[in-house]
Each structure stands twice: as structure tokens, then as C-alpha cells.
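Novice: Protein sequences appear in the order of chains S and Z. Each residue of the first sequence is one higher than the one before, counting from 1 in the numbering used here. Each residue of the second sequence is one higher than the one before, counting from 547 in the numbering used here. Backbone N, C-alpha and C define an ideal beta-carbon position, used for all residues, glycine too.
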Amino acid sequence: MANRAAFVRVVIDAPAVTCFYYPSRARRRAFPEPPELEESSRRFPSLLAVPFLLLSSLAADAADPPPLRWGGDKAGGAPFIYEEPGKGEVGFEVELARFLGEKLGRKPEFVQCDWDTIPDVLERGNIDVGLNGLEYRPEWEAKFPSTVPYFVYTLRLIVRDGNVAIRSWDDLRIPRNGKPRVGVLRGSFAERYMQDKFGDDVEVIATKEVDETFQLVEEGVRMDATVQDSPAAVYYVQGGRREKLKVVGPPVPAGYYVILTRPKDVELREQLNAVIKEALAIGKLEAIYRKYGLWDKDQERLAELHSQPWPPAGEAKKGLSLGDIADKIARAAWMTIKLACCSMPLAILIGMVVAVGRMYGPWPLRVILTAYVEVLRGTPLLLQMYVWFFLVPNLVRQLGGDDLAQWFSAAPFYVGVFGLAINYSAAEAENYRAGLQAIPRGQMEAALALGMSPLTAIRRVMLPQAIRIVIPPVTNDFIALFKDTSICSMILITELTGLYYQYKYDRDLVLELALTIALIYLLISYPLSLLAGYLERRLEGGREKK
Amino acid sequence: MIAVTELRKLRDNHPVLDGICLTVRRGEVAAVVGPSGGGKSTLIRCLNALETFHSGRIDVDGLTLNPESGGKTPKATLLALRRKVGMVFQQFNLFPHMTALENVMSGPRFALGQPRDKAAAIARPLLERVGLAHKADARPDQLSGGQQQRVAIARALAVNPAVMLFDEPTSALDAQMAADVMAVIVDLAKSGQTMVVVTHSAEFTKLAHTIHVLEGGRLVSSGPPA
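Okay, structure coming up:
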């Protein structure tokens with residue numbers, strides 16, 4: 001759906017069509033056309049006419065009022081936007097979007113985005129507005145001007161029911177062995193608030209989804225508490241949908257949800273402002289929010305806000321600079337290196353055992369190991385990580401209870417190392433199998449003829465040779481694994497890519513940060529790839545000589 | 547020492563060894579000759595269980611190898627047999643990741659489990675015996691073919707085998723290198739080592755106590771050299 005939307009946009013954008021239609025001068029010079037054709041072809045190059053006709057027919061469709069494409073993330077879940085069987089998307093923001101579309105005379109069209117990339121998608125032009133619990137941020141106004149607020153939200157501290165250690169916000173500051181681990185939505189105000197106010201006392205863990213965060217707090221092993229916006233807290237916890245959780249401490253005033261737009265869409269912004277104000281005035285907002293149990297005293301402030309100029313005057317906060325987070329970049333780079341350097345040896349070790357089993361083991365073992373290799377090679381690493389981190393502890397809990405599940409709920413770092421090692425062990429197993437197969441048969445025979453047991457022969461004669469043969473492909477795999485550590489950002493590990501996700505909300509910093517992080521990856525992987533090339537040449541030469 | 551009885555081996559339903567019976571006494575030097583494809587190599591590879599066979603039996607110094615039809619030979623028997631029987635291959639098969647000395651030490655260390663210094667004490671005199679003490683630290687790819695084969699002989703001798711098997715030990719070498727290697731084998735034969743040698747070398751067949759002629763998988767004659 002998003003793709004089609006992008007396509008239509010090209011059509012509406014007149015300059016884009018023009019540049020399809022008229023070949024540029026440089027182009028004509030590069031491909032001189034026969035003179036007799038030149039006049040007609042400049043006006044209507046026959047080849048280019050086909051896409052033009054296609055585009056214009058699509059443009060005709062778009063002559064109806066264009067849909068109001070609004071971006072949000074269903075993964076954020078209830079009560080914002082979620083799916084109900086048979087009903088499609090529901091949620092208080094879905095109803096708000098429907099009301100807006102109705103009043104604007106444009107059909108609302110939901111576009112699924114990753115929550116923390118909604119501004120980027122808006123900038124790319126695949127959506128017209130961002131509407132999904134997006135907070136008002138003064139520093140964003142220049143790039144993503146906001147509408148007047150449609151919701152006043154607060155932050156709520158949520159813990160597992162029965163947690164006696166954390167009964168208020170202040171309890172988070174009490175020193176104990178190990179900082180309390182507090183989950184927050186990545187890139188949210190809650191994340192910044194916790195970093196600013198509690199950064200020294202708690203370990204702030206950035207998560208991608210509300211649901212997975214609640215799951216982790218319920219487990220009570222990997223996360224002690226979470227700070228969420230009031231809608232999620234009210235709907236899930238106070239609404240009794242997460243019985244094992246409870247809200248503790250008072251709400252912390254936070255800010256307003258607004259709709260983000262593009263700077264040039266002045267008219268749309270004014271229309272939206274008018275409709276939001278109307279929705280409040282006629283009680284439509286209250287009606288929608290009451291349906292989800294979200295209407296509270298805080299919302300009474302909306303009227304006051306709507307009567308004042310928007311955005312409120314005031315100094316925009318200064319953004320961060322790279323220097324401010326240099327230590328965090330260094331720590332994230334170190335985490336990336338640790339992940340790669342801990343998981344690769346493990347992957348090699350497991351891979352070697354699997355390769356030997358597949359080459360020399362009895363047939364039932366060979367079948368099992370072949371399945372092991374194929375399953376791991378044939379499924380995405382990202383999916384495997386989710387399985388190890390979320391599904392396996394959950395499954396163990398259901399089957400074996402909480403005590404057993406504790407063992408499977410290891411700290412994210414260990415799960416990351418394990419997941420990478422297991423995934424890459426399949427590739428290494430294939431490397432070593434190829435290496436073992438490349439060794440002349442006489443080597444094994446000579447070892448057996450000396451009276452070595454098969455295992456000794458493998459250990460002393462076959463593997464040492466296989467290791468040499470596969471050094472170049474293994475080095476290449478190490479480079480690939482080094483970059484694949486980025487997947488660990490999905491399981492709450494702040495390595496380089498995770499750091500990028502955490503700071504990308506800062507529009508001034510994001511480009512520099514992205515380039516810096518890319519450069520760090522490159523600075524480490526390029527020498528490795530030079531090394532791989534060198535080893536490849538050297539070892540190949542060595543074998544040819546024989 | 548070695549008794550082969552009614553040995554039969556099929557490959558793709560064709561007999562490659564067809565009812566071989568022979569014996570080798572302690573201290574005997576046996577040569578196996580015949581046209582290529584006659585089953586010479588297959589026969590001596592059966593003697594240390596690098597190949598299996600379909601029927602018949604092989605006894606080596608009190609150990610019995612079963613045919614495929616007779617169930618698996620126990621692993622312990624295989625290990626014990628191979629420690630009694632040393633083998634030298636046509637293609638040397640030195641371990642390329644070890645030096646000459648380490649190659650010779652590999653049997654005592656990894657097959658017999660002896661400590662490094664003890665294995666070295668066994669290996670050095672053997673390297674000297676084959677005339678390569680000065681190449682102890684060379685890797686196989688730094689040695690000529692003849693030198694590699696002499697190291698391979700020392701390596702096989704290092705576990706002190708009761709029988710030595712040679713599978714065309716000089717046929718991958720040029721004349722001069724072959725002569726060097728043959729000198730070592732002849733020296734060994736004169737010292738009373740029991741050995742079975744697959745060879746074309748006329749010099750060696752003169753020296754052997756018994757010559758077995760193999761043709762088309764059958765033993766066509768056995769007896770002292772003419």
C-alpha cells in the first residue's frame with residue numbers, strides 16, 4: 001500500500017513528471033538522434049509516451065480528493081491502534097483519524113510504519129501525517145510542524161504485582177545490588193525522561209514494543225519496571241488487561257500528543273487544527289476517549305491549549321552534539337566488539353563439532369545435524385533472536401514454571417552472544433565440512449594405519465588441516481557476523497545500531513551519528529577484509545606448491 | 547604371523563580378490579607382484595583393515611578380521627591390529643602441518659599416548675636411520691618426494707610394528723629417489739623385519755623370501771625367487 005502511495009505521489013508532483021517526459025540536454029548529446037526525428041521526438045518521444053500514458057491514467061484516479069494517509073504503528077498496540085478480528089484496525093487514534101477524514105472530505109488510509117521511523121516516512125512523503133502517540137517536541141517544529149494537541153498524557157511507573165522493592169518513583173533511587181532495570185519505549189519521551197532524571201540510578205532499557213516490555217516486567221527477571229505513557233498504562237494495567245502488573249506512584253506530567261505534518265502543508269495543518277478543536281468542543285474527543293477509559297482530568301487542559309496560539313512560544317531546546325554522547329558511542333562500539341568476539345569462537349567451536357558429526361558420525365546423528373544446519377541457515381537471524389529472547393523463556397514458563405524459566409531468561413548480552421553463535425555455527429559447520437572434504441583421503445588412512453583411534457585422527461590430523469584451509473572463509477564470516485551484531489539492538493542491547501535508534505529522534509544529530517556509526521563499522525571490518533584477502537592468497541599459494 | 551584364508555572382495559559385483567590364501571612367517575620378506583589392476587594394493591590394504599572384504603578371514607599375530615558377512619570387527623581389535631601393522635603408502639601421506647620429526651613422533655604420541663620427550667627419543671634415531679636427521683625441522687612441502695617417503699617409513703617404524711606393509715613405495719618417485727628409498731627398505735629387510743611389499747623393483751624381488759604373483763584377483767603363483 002505504501003508503495004502505491006509513493007507511486008501516486010510522483011504523478012501529482014509536476015516536476016517529477018516533467019523530468020520523465022523531456023529528455024535532458026546532456027542525455028540527448030550522449031545519444032544523438034537522427035535529425036529527421038529530432039523535432040517530433042523532442043516533443044513526444046514515442047518510447048517515453050508509454051509511461052506517460054500510464055502515469056496520466058493513474059493521475060486521473062487521483063483527481064478524487066486524495067486519501068488522508070496517516071502513519072502509525074500497530075505494534076504500539078492498544079488503545080492507540082490495534083487490530084480486532086473482523087473489525088480491522090481499531091483504537092482511539094483510528095477513530096480520531098476517521099473523524100478527521102470525514103471532516104476533511106478525504107478517506108483516511110492507515111499506513112503501517114515502525115513507530116520510531118514515522119517522522120522519516122513523513123519526510124519521504126509516503127504518508128501525509130504522523131498520528132500515533134507522537135509527542136510535542138519544540139525541537140521538531142521546524143522539520144515536522146505539529147497540530148494543536150489532541151491528548152494530554154502523563155508517565156506512569158508500572159511494576160510487577162507483588163514487587164515490594166519499587167513502590168514509588170523514589171524507590172528507583174534506592175541503591176541496592178544492581179540498578180533497577182526500567183524498560184521504556186525506544187525514542188519516547190519516557191526514555192529521555194528516565195535518562196535525564198534517573199540515569200544514574202537505574203538501567204534504562206530501550207524496547208521496541210509496549211507488549212514485549214509488559215511481558216518482560218511480568219517475568220520479573222530481566223526487567224524490574226517500565227515507564228509508559230498514560231494511555232497504555234490505563235488501558236492495560238488499570239483496565240485489568242495485564243493482571244500481573246500494577247501502577248505505582250503518582251502520574252508524572254509529560255506532554256501532549258500532536259499530529260505531525262510536513263512544513264509545506266500549511267493548509268492541511270490549519271484544517272486539522274480546526275477539526276481537532278471542533279472535536280473537543282462538540283465532545284467528540286471525550287466520547288472517543290471515554291470508550292477506551294482514557295478521559296481524565298488532564299484532558300480538561302486541552303480547551304485552554306486550544307485557545308492559545310500553537311505552537312507555544314518559547315526557546316527550542318538545543319539538540320545534542322556528537323561530543324555529548326562520545327562516551328556512549330565508545331561504549332556501544334565496545335559492546336559491538338564484545339558481541340562479535342565472544343560469539344565467533346563459540347560459533348567456530350560448535351560448527352567444528354557439527355561438521356565432524358556430519359562427516360564421521362552414525363547416520364541418526366548425521367540426520368539430526370543436517371536438520372540443525374539447514375534450519376539455522378534457512379531462517380532469518382532476526383527471527384531466531386526473537387525466539388531465543390522472548391519465545392523460549394515464555395515456552396519454558398508454560399511448560400516448566402517460573403523457576404525453570406529463570407534459567408532461560410539470561411541477560412540480553414548472553415542471549416545475543418548465544419543467538420549469534422548458534423546462527424553462525426551453521427555457516428561454520430559448512431565451512432569445516434568443506435575443509436574436511438578438501439583433505440586428501442590418504443591423510444585419514446595414514447593416521448588410522450598408525451593406530452590412532454578415529455577421534456584422535458580427526459583431532460590431530462584432520463581438524464588442524466581443515467582449520468588452515470577454512471581460515472579465509474571463516475574470516476569473511478567474522479566480518480559478516482560483526483555487522484550482524486546490529487540485530488542485537490532488537491533484544492535490548494545497546495550496541496552501535498541500538499545507539500543510533502536511541503538518538504535518531506534528535507534530528508540535528510541523526511545524520512552525523514549515522515555516518516559516525518557507519519564509519520566505525522567500516523574501520524573495523526575493512527582491515528579484517530584485507531586480512532581475509534591476504535590469508536586467502538597466502539594459503540592458496542601454499543596449497544598449490546604441494 | 548599373517549594368515550589369509552579364502553579372501554574374497556567384490557567391487558560392483560566383480561571380484562577384485564578371488565579366494566586368496568597365503569601366509570607370511572615371522573621374519574619373512576614377501577613381495578607381491580603382478581600387472582596393475584591385479585588386486586595387489588587391495589590385498590595389502592585389507593591386511594590392516596583400510597578395506598573391508600566380503601568373505602574369508604585374515605589373522606595377524608593372533609588377531610582376527612571378520613568379513614562383512616561376519617559382523618563388525620570390534621574397534622579394539624582394529625586398533626590393536628593397526629598398531630602391529632605399519633604401512634607405507636605410494637603417495638607418502640605425510641601430515642603437512644607437522645615437521646618431519648613431528649610426523650615420526652605422531653604414532654608414539656597419538657596412537658600410543660607417549661609423552662612428547664619420549665616420542666622424540668624414539669623418533670630421532672629413526673630419522674637418522676633413514677638418513678634425514680638434518681631435516682628434522684623441515685615441513686613435508688620442503689622435502690623431495692624421496693625424502694618424504696623415507697620420513698614416512700620412519701613414521702611407520704616409530705610404533706615398532708610387527709609387520710611392515712609397503713604399497714608401491716617407489717612408484718611415485720624418479721629413479722635416483724627410488725634408489726634411495728629402496729636402499730632403506732632393503733636395509734630393513736636385512737635386519738629381519740617382517741614385511742609385505744607391493745613392488746615392481748627387480749632388485750627387491752631378488753631379495754625377497756617369497757614372491758606372490760597376483761593376476762585378475764587370483765594368486766597365480768607363490769614361491770621363492772627364481
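Do you know whose CA, among Z:764, Z:770, Z:677 and Z:623, lies nearest residue 723 of chain Z's CA?
Specialist: Working through the second sequence from its first residue, we reach residue 723 of chain Z at position 177. Among Z:764, Z:770, Z:677 and Z:623, the Cα nearest to that of residue 723 of chain Z is on Z:677.
Novice: Quick one: list the residues of chain S neighbouring residue 653 of chain Z, beta-carbon separation under 7 Å, in chain order.
Specialist: Position 107 of the second sequence holds residue 653 of chain Z. Those within 7 Å of residue 653 of chain Z in chain S are 450 and 451.
Novice: Report buried or exposed for residue 33 of chain S, applying the criterion of at least 16 other Cβ atoms within 10 angstroms of its Cβ.
Specialist: In the first sequence, residue 33 of chain S corresponds to position 33, counting from 1. Residue placement at residue 33 of chain S cannot be trusted, given a pLDDT of 45 that sits under 50; what the coordinates show is reported in the next sentence. That one is exposed.
Novice: With DSSP run on the structure shown, which of helix, strand or coil describes residue 741 of chain Z?
Specialist: Counting from 1 along the second sequence, the entry for residue 741 of chain Z is found at position 195. Correct three-state label for residue 741 of chain Z: strand.
Novice: Ignoring anything shorter than 4 residues or poking outside the stretch 108 to 186 of chain S, list the alpha helix (DSSP H) runs there in chain order.
Specialist: 118 to 124
Novice: For chain S, check one thing: does any of its Cβ atoms lie closer than 8 Å to the Cβ of residue 695 of chain Z?
Specialist: Your numbering for residue 695 of chain Z matches position 149 in the second sequence. Chain S contact via Cβ: absent.
Novice: Going along the stretch 454 to 466 of chain S in order, which residues come within less than 7 Å of chain Z, judged by CB to CB distance?
Specialist: 456, 460, 461, 464 and 465
Novice: Could you tell me whether the Cβ atoms of residue 122 of chain S and residue 178 of chain S are closer together than 8 Å?
Specialist: Sequence index remark: in the first sequence, residue 122 of chain S carries index 122 (1-based). Sequence index remark: in the first sequence, residue 178 of chain S carries index 178 (1-based). No, they are not a contact pair.
Novice: Tell me which same chain residues have a C-beta within less than 6 Å of the C-beta of residue 764 of chain Z, skipping the five on either side of it?
Specialist: On the second sequence, residue 764 of chain Z is found 218 positions in, with the first residue counted as 1. Cβ within range, chain order: 564.
Novice: In chain Z, which residues lie with their C-beta within 8 Å of the C-beta of residue 468 of chain S?
Specialist: By one-based count along the first sequence, residue 468 of chain S stands at place 468. 643, listed in chain order.
Novice: Between residue 533 of chain S and residue 233 of chain S, what straight-line distance do the alpha-carbon atoms span, to the nearest angstrom?
Specialist: Taking the first sequence and counting its residues from 1, the one referred to as residue 533 of chain S is at position 533. Taking the first sequence and counting its residues from 1, the one referred to as residue 233 of chain S is at position 233. C-alpha separation (whole angstroms): 54 Å.
Novice: Does the beta-carbon distance from residue 376 of chain S to residue 422 of chain S come in below 8 Å?
Specialist: Looking up residue 376 of chain S in the first sequence gives position 376. Looking up residue 422 of chain S in the first sequence gives position 422. Yes, the pair counts as a contact, with Cβ atoms nearer than the cut-off.
Novice: Using a cut-off of 8 Å between C-beta atoms, extract the partners of residue 705 of chain Z located in chain B.
Specialist: Here chain B cannot be found, since the structure's protein chains are S and Z.
Novice: By Cβ distance below 6 Å, which residues in the same chain neighbour residue 100 of chain S in space, the five residues on each side in sequence not counted?
Specialist: By 1-based counting over the first sequence, the position of residue 100 of chain S is 100. Excluding residues within five positions, the ones whose Cβ falls inside 6 Å are 275.
Novice: In terms of residue numbering, what span does the alpha helix (DSSP H) encompassing residue 345 of chain S cover?
Specialist: Counting from one through the first sequence, the residue named residue 345 of chain S turns up at place 345. Here the alpha helix (DSSP H) through residue 345 of chain S covers 326 to 360.
Novice: Within 8 Å of any Cβ in chain Z, is that where the Cβ of residue 446 of chain S sits?
Specialist: The residue labelled residue 446 of chain S in the question sits at position 446 within the first sequence. Residue 446 of chain S counts as touching chain Z.
Novice: Check distances from the C-beta atoms of the stretch 428 to 447 of chain S to those of chain Z and list, in chain order, the residues that come in under 7 Å.
Specialist: 442, 443, 445 and 446
Novice: Leaving aside the five residues before and after residue 416 of chain S along the sequence, list all residues of the same chain whose C-beta is less than 7 Å from its C-beta, in chain order.
Specialist: As a working mapping, residue 416 of chain S is identified with position 416 in the first sequence. Here the set comprises 339, 488, 491 and 493.
Novice: Helix, strand or coil for residue 378 of chain S, going by three-state DSSP, please let me know.
Specialist: Along the first sequence, read from residue 1 onward, the residue named residue 378 of chain S stands at position 378. Note: residue 378 of chain S maps to helix in three-state DSSP.
Novice: Who are the near neighbours of residue 463 of chain S in its chain, counting only those whose CB is closer than 7 Å to its CB and skipping five residues on each side?
Specialist: Taking the first sequence and counting its residues from 1, the one referred to as residue 463 of chain S is at position 463. Taken in chain order, the residues that qualify are 352.
Novice: On a Cα-Cα basis, can you pick out the residue from S:386, S:437, S:313 and S:404 that is closest to residue 419 of chain S?
Specialist: Locating residue 419 of chain S in the first sequence gives position 419, where the first residue counts as 1. Minimum Cα distance to residue 419 of chain S is reached at S:386.
Novice: So residue 611 of chain Z contacts chain S; which residues on that side make the cut at Cβ distance below 7 Å?
Specialist: Residue 611 of chain Z sits at position 65 when you count from the first residue of the second sequence. Residues of chain S passing the Cβ test: none, with the nearest at roughly 14 Å.
Novice: Within 10 Å of its beta-carbon, does residue 610 of chain Z have 16 or more other beta-carbons around it, so buried, or fewer, so exposed?
Specialist: In the second sequence, the residue the question calls residue 610 of chain Z occupies position 64. It counts as exposed.
Novice: Excluding the 5 residues flanking residue 270 of chain S on each side, which residues of the same chain have their C-beta closer than 8 Å to its C-beta?
Specialist: Working through the first sequence from its first residue, we reach residue 270 of chain S at position 270. Correct list: empty, nothing qualifies.
Novice: In three-state DSSP terms, what is residue 229 of chain S?
Specialist: Against the first sequence, residue 229 of chain S aligns to sequence position 229. Of the three classes helix, strand and coil, the one that applies to residue 229 of chain S here is strand, per DSSP.
Novice: From residue 73 of chain S to residue 229 of chain S, what distance separates their C-alpha atoms?
Specialist: What you label residue 73 of chain S is simply residue 73 of the first sequence in a count that begins at 1. What you label residue 229 of chain S is simply residue 229 of the first sequence in a count that begins at 1. Roughly 15 Å separates the two Cα atoms.
Novice: In this structure, how does DSSP classify residue 522 of chain Z when only helix, strand and coil are distinguished?
Specialist: Beyond the ends of chain Z as shown, which are 547 and 772, falls residue 522 of chain Z; an answer cannot be given.
Novice: Using a Cβ cut-off of 7 Å, pull out every chain S residue sitting near residue 637 of chain Z, in sequence order please.
Specialist: Within the second sequence, the letter at position 91 stands for residue 637 of chain Z. Correct list: 442.
Novice: Quick one: what does DSSP say residue 403 of chain S is sitting in, helix, strand or coil?
Specialist: Counting from 1 along the first sequence, the entry for residue 403 of chain S is found at position 403. Three-state DSSP puts residue 403 of chain S in a helix.
Novice: From residue 172 of chain S to residue 150 of chain S, what distance separates their C-alpha atoms?
Specialist: As a working mapping, residue 172 of chain S is identified with position 172 in the first sequence. As a working mapping, residue 150 of chain S is identified with position 150 in the first sequence. Rounded to whole angstroms, residue 172 of chain S to residue 150 of chain S spans 31 Å at the Cα level.
Novice: Strictly under 8 Å for the Cβ-Cβ distance: is residue 633 of chain Z near chain S by that measure?
Specialist: Your numbering for residue 633 of chain Z matches position 87 in the second sequence. Cβ-Cβ to chain S under 8 Å: yes for residue 633 of chain Z.
Novice: Rounded C-beta distance between residue 569 of chain S and residue 635 of chain Z? I'm assuming under 8 Å.
Specialist: Residue numbering for chain S in the displayed model covers 1 to 546; residue 569 of chain S lies beyond these limits and cannot be assessed.
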